[in-house]
Amino acid sequence: MPSVEIKGLDLRYSSARVLQDLNLEVMKGEFMVLLGSSGCGKSTLLNCIAGLVEPDAGQIHINGRNVTWDEPSARGIGMVFQSYALYPQMSVEKNLSFGLRNAGVDKIEIDRRVRHIAGLLQIEPLLKRKPAALSGGQRQRVAIGRALVRDADVFLFDEPLSNLDAKLRAKLRVEIKRLHLEHGNTMIYVTHDQIEAMTLADRIAILKEGKIVQTGTPDDIYNRPVNRYVADFIGTPSMNFLDGELLGRSFLRGHLELPLADYPFIHGQCADCSAMIGIRPEHIVTGKDLNEATVTTQVVVDMVEPMGADTLVHTRLEGTAFQIRMTGQAQVRKNDRLLIGIDPLRASLFDRESGLRL
Amino acid sequence: MPDKSMSDWCSDGQRVPDGPRPSSGFSRRNVMIYGTLLVIALYYLFPLYVMIVTSLKGMPEIRIGNIFSPPVDITFQPWVKAWSSACTGLDCDGLSRGFWNSVRILIPSTILSVAIASINGYVLANWRFRGADLFFTILIIGAFIPYQVMIYPLVILLREMGLYGSLTGLVLVHTVFGMPILTLLFRNYFTSVPEELFRAARVDGAGFWQIYFQIMLPMSLPIIVVATILQVTGIWNDFLFGVIYTKPENYPMTVQLNNIVNSVRGVKEYNVNMAAALLTAGVPLIIYIASGKLFMRGITAGAVKG
Ligand SMILES: Nc1ncnc2c1ncn2[C@@H]1O[C@H](COP(=O)(O)OP(=O)(O)OP(=O)(O)O)[C@@H](O)[C@H]1O
Ligand SMILES: [Mg+2]
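Taken in order, these protein sequences are the chains called A and B.
Here the first sequence is numbered in my numbering, starting from 1 and rising by one per residue.
Here the second sequence is numbered in my numbering, starting from 1001 and rising by one per residue.
Structural data, given as structure tokens:
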């Protein structure tokens, strides 16, 4: 049974359509990540699910119940906000217990739950402090604690880690993952950080201009993007795109010919049409791996960006900028000639007109 | 360490910038600024000085005519007289009655207007109901309509309500006239509170009053201080409404002060007049001095960090 079901959600602010006929199902216990660029409507969607923003059309079901007209507190959700939104005048303890007190839970039970959550998130020593006296990471924990303490079925997280530095983000990311594995609640998590999305998600939904472009496992999204937008959006450095022609069972671009006999075409094959191939920089092989490559070709190095663990090499292939990701130890210099191998099965083909995956 | 002290100075004898910048002290600029400020302060403090010394002199000493000289023979008689036995029209019981009238007007009007305005501001900022913008616009226009236009209609209104001449009527008038500016003050303050805070409270199941009392109100202390000071000084200093909407036995202190000073019978007792004026000005003066810091904090209070 889906835990959260969104049917035909529509929302506009004056003239701008922020959400357009949006449908989404999130299964019980699933970790769903909403991923999209800034301003695509992620927070708005989350606020609609929480009941903080009224949609113009559509329904929201939580645990099989239509909650479209219900108050936020009656929907069985816990929410973590982008800016933490801790109550500044209340101590951490009061922050955590506010929802329970409003719900009229008895004192002993409130105390038990607050202690439990504080222990879980390691914030016991902070219980008496005001939010102003906490660091960013500590505030974030309290904000997560405030959502967890309500023992809701569905948790909504709006970019909970976006205000933290990289180290802390990585640490809290693991904690969130662990919390989810332990509790098994349904989780809808908004982010525009791909790493977060890939590492946390059971499934990812990619939003663009208020529409869901693709939902799928991180593996699906990464390896089988449904269109050019998703292919380009996912992965840093982003995918290389080459325009070319589809002729028979191969892709042609200048001197380059990529055989596609085993490529898993989906929309039937458009024979002899203009297409575009997308190849991830990390899917290009060099050196001793070249033996296994289907196609090899030569490129000239334009620029080298060492990044520690790996090295990004800028080259040109058939006149188009082309990036290659090599190991950090690779010894390459500008103007070197480099032999590279391409595996067409790991590439993605798109129709050049519609941008859809072939 | 000779090496280090050497390196603290450049070859031309200038000190190398290191640590706190040396303050300029008696620079020409500072002398100009503080000199000017001092002159202006003296200019404004001078009348106050004259009032104080005059109020402490006896009438014979005043008749000598040197208003600047300090009192030779300090007497508090004028203050006692101003407070308890100066004549206003027919009654001769001093300012004390007016003082208590003013207190009885001030306290309910201030509490009522600040309380209502803060709720107004909260609703306008957070519970955006249909027509909220129109309501707000009308309220703000209200602040720009000259009082004179509304005086007579209000007299009729109060008369019809049976409140004309009573303290309750005047309290009502003060509350209504304070509403636009105070509401604006509170609305702007609450709009600066991050919306997510309000949303978090709703997810936590807090209702209209719970959010107001437990979250918004505790955060709005600085602006409550500002609003209270505005109202206290405004209402205390009010003369016009006091004359128009109350009867002589309910006159506030300012009206009584006017009546004492302008009383035509007998000799002009300057010392009593000065003492009476100082007594009347005392309340706002004390408020300003006591709350100066809080007031500035409230005025400049911007975004609230959580
Ligand atoms: N109250 C509002 N009035 C008008 N437009 C709004 C309002 N709130 C949001 N929008 C618009 O709706 C769109 C989606 O906003 P939303 O906050 O959902 O973006 P987002 O995906 O969460 O972006 P970010 O990653 O930056 O948080 C934006 O274009 C924004 O300008
Ligand atoms: Mg957002």
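Backbone N, C-alpha and C define an ideal beta-carbon position, used for all residues, glycine too.
Within the stretch 234-282 of chain A, note down every full beta strand (DSSP E) run reaching 3 residues or more, in order along the chain. 240-247, 250-253, 256-259 and 274-279
I'd like to know whether the C-beta of isoleucine 1215(B) is nearer than 8 Å to at least one C-beta of chain A. yes
CB-CB length for lysine 208(A) against glycine 36(A), believed under 8 Å: 6 Å
Pull up the CB-CB distance for cysteine 1087(B) and serine 1220(B), whole angstroms please, since I reckon it's below 8 Å. Cysteine 1087(B) to serine 1220(B), Cβ: 45 Å. No contact.
Alpha helix (DSSP H) containing tyrosine 189(A): first to last residue? Unbroken run through tyrosine 189(A) is the beta strand (DSSP E), 186-191; no alpha helix (DSSP H).
Quick one: does the C-beta of lysine 208(A) sit closer than 7 Å to a heavy atom of ligand 2? no
Close Cβ partners of proline 1002(B) (< 6 Å) along its chain, the five nearest in sequence each way excluded: Its pLDDT being 48, under 50, proline 1002(B) is placed unreliably by the model, and the measurement read from it follows with that caveat. Cβ within range, chain order: n/a, list empty.
Closer than 7 Å by C-beta to leucine 247(A): which residues in its own chain qualify, once you throw out the five before and the five after it? Chain order, please. Asp272
With a threshold of 16 other CB atoms inside 10 Å of the CB of lysine 171(A), please say whether the residue is buried or exposed. exposed
Pick helix, strand or coil for proline 306(A), following the three-state DSSP scheme. strand
Does glycine 99(A) have its Cβ less than 8 Å from a Cβ in chain B? yes
If I follow the unbroken alpha helix (DSSP H) through glutamine 1231(B), where does it start and stop? 1221-1237
Taking DSSP as the reference, what is the three-state secondary structure of asparagine 1262(B)? coil
Does methionine 1219(B) come within less than 8 Å of chain A when only Cβ atoms are used? yes
For valine 1016(B), name the three-state secondary structure that DSSP assigns. coil
Can you find a CB in chain A that lies within less than 8 Å of the CB of valine 1225(B)? no
Against leucine 52(A), what residues of chain B qualify as contacts under a CB-to-CB distance less than 8 Å, listed in chain order? Arg1199, Arg1202 and Val1203
By Cβ distance, which residues of its chain are closer than 6 Å to histidine 1174(B), with the 5 residues on each side in sequence left out? Ser1109 and Ile1235
Between the Cα of cysteine 270(A) and those of Glu353(A), Arg316(A) and Arg65(A), spot the shortest distance and give me the residue it belongs to. Glu353(A)
Tell me the DSSP bridge mates of histidine 61(A)? Glu5(A) and Asn66(A)
For the stretch 57-67 of chain A and the stretch 81-99 of chain A, state whether three or more C-beta atom pairs, one from each stretch, are separated by less than 8 Å. no
Quick test of your reading: leucine 19(A) and leucine 34(A), contact by CB under 8 Å. State the CB separation rounded to the nearest angstrom. Contact doesn't hold; Cβ gap of about 12 Å is too wide.
Would asparagine 185(A) be called buried (16 or more neighbouring beta carbons within 10 Å of its own) or exposed? buried
Would you call the stretch 23-33 of chain A and the stretch 194-205 of chain A in contact, with 3 or more CB pairs under 8 Å? yes
Backbone CA spacing between glycine 137(A) and phenylalanine 81(A) [nearest angstrom]: 14 Å
CA-to-CA distance, isoleucine 1062(B) to valine 1050(B), given in whole angstroms: 11 Å
So what does glutamine 214(A) bridge to, in DSSP terms? Ile206(A)
Cut-off 6 Å between Cβ atoms - residues of its own chain near glycine 1178(B), not counting five sequence neighbours on either side: Ser1113 and Gln1231
Alpha-carbon spacing of isoleucine 1107(B) relative to threonine 68(A), whole angstroms: 47 Å
Classification of arginine 1199(B) by the beta-carbon crowding that lies within 10 angstroms, buried from 16 upward: buried
Where do the N-terminal and C-terminal ends of the alpha helix (DSSP H) with asparagine 291(A) fall, by residue? First-last for asparagine 291(A): undefined, no H or E at that position.
Sub-8 Å separation of leucine 339(A) and threonine 296(A) beta-carbons: yes
For aspartate 158(A), report the span of its beta strand (DSSP E) as first-last. 154-158
Quick test of the definition: if touching needs 3 or more C-beta pairs under 8 Å, does the stretch 107-124 of chain A touch the stretch 1243-1256 of chain B? no
For histidine 159(A), is the beta carbon positioned less than 7 Å from some heavy atom of ligand 1? According to the sequence shown, residue 159(A) is glutamate rather than histidine. Flag set: Cβ of glutamate 159(A) near ligand 1.
Residues of the stretch 1055-1081 of chain B whose Cβ lies closer than 8 Å to any Cβ of chain A, in chain order: none
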